[in-house]
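*Asks:*
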Amino acid sequence: MPRRTLSLANWQWLQTITKKEKHMSQENQLVANPSHCLSRRRFLAATGVFTAAAWLSPRGLFAESENIVLAARKRAGTANITVQPLRRSVSALVGSGGNIAVLTGTDGKVIIDSGYATSRARISDALAKMDPGPIKHLVNTHWHFDHTDGNEWMHSDGATILAHENTRKHLSTTTRVEDWDFTFPPSPADAIPTEVFDNEKTLYLNSTTIMLSYYGPSHTDGDVSAYFVEAEVLHCGDTWWNGHYPFIDYSTGGNIKGMIKAAEANLAKVTDKTIVIPGHGKIAGKPELAEYRDVLVTIHDRVATLKKEGKSLEEAIAAKPTAAYDSKWATSFITGDVFTKLVYIGA
Ligand SMILES: [Zn+2]
0 MPRRTLSLAN WQWLQTITKK EKHMSQENQL VANPSHCLSR RRFLAATGVF
50 TAAAWLSPRG LFAESENIVL AARKRAGTAN ITVQPLRRSV SALVGSGGNI
100 AVLTGTDGKV IIDSGYATSR ARISDALAKM DPGPIKHLVN THWHFDHTDG
150 NEWMHSDGAT ILAHENTRKH LSTTTRVEDW DFTFPPSPAD AIPTEVFDNE
200 KTLYLNSTTI MLSYYGPSHT DGDVSAYFVE AEVLHCGDTW WNGHYPFIDY
250 STGGNIKGMI KAAEANLAKV TDKTIVIPGH GKIAGKPELA EYRDVLVTIH
300 DRVATLKKEG KSLEEAIAAK PTAAYDSKWA TSFITGDVFT KLVYIGA
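All letters in the sequence shown, in the order written, are residues 0 to 346 by numbering that gives the first Met the number 0.
(1) Please report how far the alpha carbon of K128 lies from the alpha carbon of K281, in whole angstroms.
(2) With a threshold of 16 other CB atoms inside 10 Å of the CB of V275, please say whether the residue is buried or exposed.
(3) What three-state label does DSSP hand E287 in the structure shown?
(4) Under three-state DSSP, which class holds S212?
(5) Would you report the Cα separation of C212 and L266, rounded to the nearest angstrom?
(6) From the DSSP output, in three-state form, read off R224 for me.
(7) Count the CB pairs spanning the stretch 179-196 and the stretch 163-171 that are closer than 8 Å, and state whether there are at least three.
(8) Say the cut is 7 Å; is the CB of D178 nearer than that to a heavy atom of ligand 1?
(9) Counting only the same chain and skipping the five closest in sequence on each side, list residues whose C-beta sits under 6 Å from that of A261.
(10) Alpha carbon to alpha carbon, how far is R72 from A52? Give it in angstroms, no decimals.
(11) Looking at S113 and D148, is the spacing between their C-beta atoms short of 8 Å?
(12) Can you tell me whether T334 is buried or exposed? The criterion is at least 16 other CB atoms within 10 Å of its CB, across all chains shown.
(13) Report the option in E164, P133 and D325 whose CA atom is closest to the CA atom of V294.
(14) Should H141 be listed as close to ligand 1, given that the test is whether its C-beta is under 7 Å from any heavy atom?
(15) Go ahead and label T270 buried or exposed: buried means 16 or more other beta carbons lie within 10 angstroms of its beta carbon, across all protein chains shown.
(16) Name, in chain order, the residues that DSSP records as bridge partners for S90.
(17) Please list the terminal residues of the continuous beta strand (DSSP E) segment that includes H154.
(18) Exposed or buried, N150, counting other C-beta atoms within 10 Å across all chains shown (16 or more means buried)?
(19) Can you name the start and end residues of the beta strand (DSSP E) that T201 belongs to?
(20) Taking just the CA atoms, how far does D130 sit from V82?
(21) DSSP three-state label for K256, please.
(22) Distance check for A120 and L341, CA to CA, integer angstroms please.
(23) Does DSSP put A323 in a helix, a strand or coil?
(24) So is N79 buried or exposed if we call it buried at 16+ other beta carbons inside 10 Å?
(25) Would the stretch 173-186 and the stretch 221-235 be scored as touching if the rule is three or more Cβ pairs under 8 Å?
(26) Quick check: what's the CA-CA separation for I209 versus T201?
(27) With which residues is W240 paired in a DSSP beta bridge?
(28) Residue range of the alpha helix (DSSP H) that F144 falls in?
(29) Between which residues of its own chain and L204 is the CB-CB distance below 6 Å, once the five residues before and five after are set aside?
(30) Is H154 near ligand 1, with its Cβ less than 7 Å from a heavy atom?
(31) Taking only the alpha-carbon atoms, compute the straight-line gap between G345 and I255 and give it to the nearest angstrom.
(32) Less than 8 Å between the C-beta atoms of L85 and A230, yes or no?
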């Protein structure tokens with residue numbers, strides 16, 4: 000059985016690599032080692048998520064290509080950014096990493112998640128076309144690079160950065176995500192949240208109440224939602240991947256049970272009128288949120304039963320507990336097998 004800490008990209012190949020290679024793959028990587036990399040040709044552009052094939056490819060096959068984190072950042076430099084007006088003064092920017100929410104008005108822009116730094120020019124362009132006002136407040140839904148890479152430039156332009164205290168913790172220190180085979184160095188000073196909160200924080204800006212709520216450990220240990228009360232728009236961060244199996248970052252405190260709890264919390268918060276912004280995937284509403292919750296619960300129950308019966312991870316994967324859902328949900332870098340693994344760990 001592969002070690003829990005081993006990269007998803009690598010674990011299937013554990014038995015075939017040498018001890019020396021294993022040592023190299025796990026130690027002292029402040030940047031990605033090209034020998035572990037996956038092909039940039041295999042990255043999916045539009046939604047900012049990666050393809051399934053790349054995730055489970057054997058290392059070595061794509062020796063001259065790049066690590067998935069580096070490739071995603073590079074790809075974002077040419078990604079198109081689409082503006083989607085939602086309701087009242089709330090819009091979404093789609094196309095650079097996680098979905099970004101924007102509230103405009105005389106108090107300056109309030110932004111939820113900052114996308115990739117490599118998309119700076121395109122994000123700036125899109126924001127300037129919306130409204131000439133400066134960015135005054137930035138909220139991070141969690142610490143992941145595809146939601147926080149733009150922190151530094153937005154803060155340099157004058158924005159305060161608000162986040163959960165665990166998000167600041169992960170951005171402030173060296174943080175390794177085994178499943179991405181990548182170690183993030185501490186973020187630059189300007190990218191670190193300037194204000195943190197524990198459970199709840201309410202802002203009132205641009206005639207809009209913005210409620211920030213901590214989920215508890217779910218996708219990571221620092222996930223928060225942002226609810227624009229008068230507009231009835233909820234940004235769920237990466238507790239919701241609409242139409243994709245979600246990534247769950249166990250290396251920084253995420254787990255499947257927390258993901259299900261977060262999905263329940265999102266459902267409890269919305270009405271038929273609420274516009275819901277997922278971290279990844281199309282902006283939608285309550286029916287799609289409910290469907291996602293049902294997928295998580297059903298797959299968790301199946302995998303938990305297999306685990307209770309004493310099935311190993313390999314046996315659980317071989318039982319294909321996600322099969323009925325794969326054609327609709329295995330649409331990013333999380334295949335049915337990878338998702339089974341992510342669920343099995345925490346089931
Ligand atoms: Zn994330």
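Just so you know, even glycine gets a beta-carbon here, dropped at the ideal spot from N, CA and C.
It should be emphasised that the depicted structure is a prediction, and the values quoted were computed from it without experimental measurement.
*Replies:* So, from the data block:
(1) Residue mapping note: residue 128 aligns to position 129 of the sequence shown, counting from 1. Residue mapping note: residue 281 aligns to position 282 of the sequence shown, counting from 1. Computed Cα separation, rounded: 22 Å.
(2) Position 276 of the sequence shown, counted from the start, is the residue given in the question as residue 275. Buried, because 16 or more other Cβ atoms sit within 10 Å of the Cβ of V275.
(3) Residue mapping note: residue 287 aligns to position 288 of the sequence shown, counting from 1. Helix.
(4) Translated into positions along the sequence shown, residue 212 becomes position 213. In the structure shown, S212 sits in a strand (DSSP, three-state: E or B).
(5) The residue you call residue 212 lines up with position 213 of the sequence shown. The residue you call residue 266 lines up with position 267 of the sequence shown. Sequence check: residue 212 is Ser here, not Cys. Each residue's Cα considered, the two are about 14 Å apart.
(6) If you number the sequence shown from 1, residue 224 lands on position 225. Here residue 224 turns out to be Ser, not Arg, going by the sequence shown. S224: strand per DSSP, three-state reduction.
(7) yes
(8) Walking along the sequence shown from the start, residue 178 turns up at place 179. Every heavy atom of ligand 1 is 7 Å or more from the Cβ of D178, so no.
(9) Indexing the sequence shown from 1 puts residue 261 at position 262. Closer than 6 Å at Cβ, skipping near neighbours: Y214, S217 and T238.
(10) Within the sequence shown, residue 52 is the residue found at index 53, counting from 1. Within the sequence shown, residue 72 is the residue found at index 73, counting from 1. Below a pLDDT of 50, predicted positions are generally treated as unreliable, and A52, at 36, falls in that range; the measurement from the model is reported next regardless. Cα to Cα, the separation comes out at about 19 Å.
(11) Residue numbering aside, residue 148 sits at position 149 when the sequence shown is read from its first letter. Residue numbering aside, residue 113 sits at position 114 when the sequence shown is read from its first letter. Contact flag set, yes.
(12) Translated into the one-based positions of the sequence shown, residue 334 becomes position 335. Buried, because 16 or more other Cβ atoms sit within 10 Å of the Cβ of T334.
(13) The residue given as residue 294 occupies position 295 in the sequence shown. Among E164, P133 and D325, the Cα nearest to that of V294 belongs to D325.
(14) For the purposes of this step, residue 141 is identified with residue 142 of the sequence shown, where counting begins at 1. Yes, ligand 1 has a heavy atom inside 7 Å of this Cβ.
(15) As a position in the sequence shown, residue 270 is number 271, starting the count at 1. With fewer than 16 other Cβ atoms within 10 Å, it is exposed.
(16) Sequence index remark: in the sequence shown, residue 90 carries index 91 (1-based). DSSP, once it has assigned bridges, lists P84 and V101 as partnering S90.
(17) Taking the first residue of the sequence shown as 1, we reach residue 154 at position 155. Careful: H154 lies outside any beta strand (DSSP E), inside the alpha helix (DSSP H) at N150 to S155.
(18) Taking the sequence shown and counting its residues from 1, the one referred to as residue 150 is at position 151. By the Cβ neighbour-count rule, N150 is buried, with 16 or more other Cβ atoms within 10 Å of its own.
(19) Here residue 201 refers to the residue found at position 202 of the sequence shown. It spans E199 to L204 - the beta strand (DSSP E) in which T201 sits, taken as one unbroken run.
(20) The residue you call residue 82 lines up with position 83 of the sequence shown. The residue you call residue 130 lines up with position 131 of the sequence shown. Near 12 Å, if we compare the C-alpha coordinates of D130 and V82.
(21) Here residue 256 refers to the residue found at position 257 when the sequence shown is read from its first residue. K256 falls in the helix class under three-state DSSP.
(22) Your numbering for residue 341 matches position 342 in the sequence shown. Your numbering for residue 120 matches position 121 in the sequence shown. Cα to Cα, L341 sits roughly 35 Å from A120.
(23) Here residue 323 is taken as the residue at index 324 of the sequence shown, counted from 1. Of the three classes helix, strand and coil, the one that applies to A323 here is helix, per DSSP.
(24) Here residue 79 corresponds to residue number 80 of the sequence shown, with the count starting at 1. That one is exposed.
(25) no
(26) For the purposes of this step, residue 209 is taken as the residue at position 210 of the sequence shown. For the purposes of this step, residue 201 is taken as the residue at position 202 of the sequence shown. One C-alpha to the other measures close to 6 Å.
(27) Translated into the one-based positions of the sequence shown, residue 240 becomes position 241. H279.
(28) Taking the first residue of the sequence shown as 1, we reach residue 144 at position 145. Element bounds for F144: F144 to T147.
(29) Here residue 204 refers to the residue found at position 205 of the sequence shown. Answer for L204: D106 and V109, listed in chain order.
(30) As a first step, residue 154 is located in the sequence shown; it is residue number 155 there, counting from the start. It does not: the Cβ of H154 is nowhere closer than 7 Å to a heavy atom of ligand 1.
(31) Within the sequence shown, numbered from 1, the residue matching residue 345 stands at position 346. Within the sequence shown, numbered from 1, the residue matching residue 255 stands at position 256. Using only the alpha carbons, I get a separation of about 6 Å.
(32) Looking up residue 85 in the sequence shown gives position 86. Looking up residue 230 in the sequence shown gives position 231. Closer than 8 Å, so yes.
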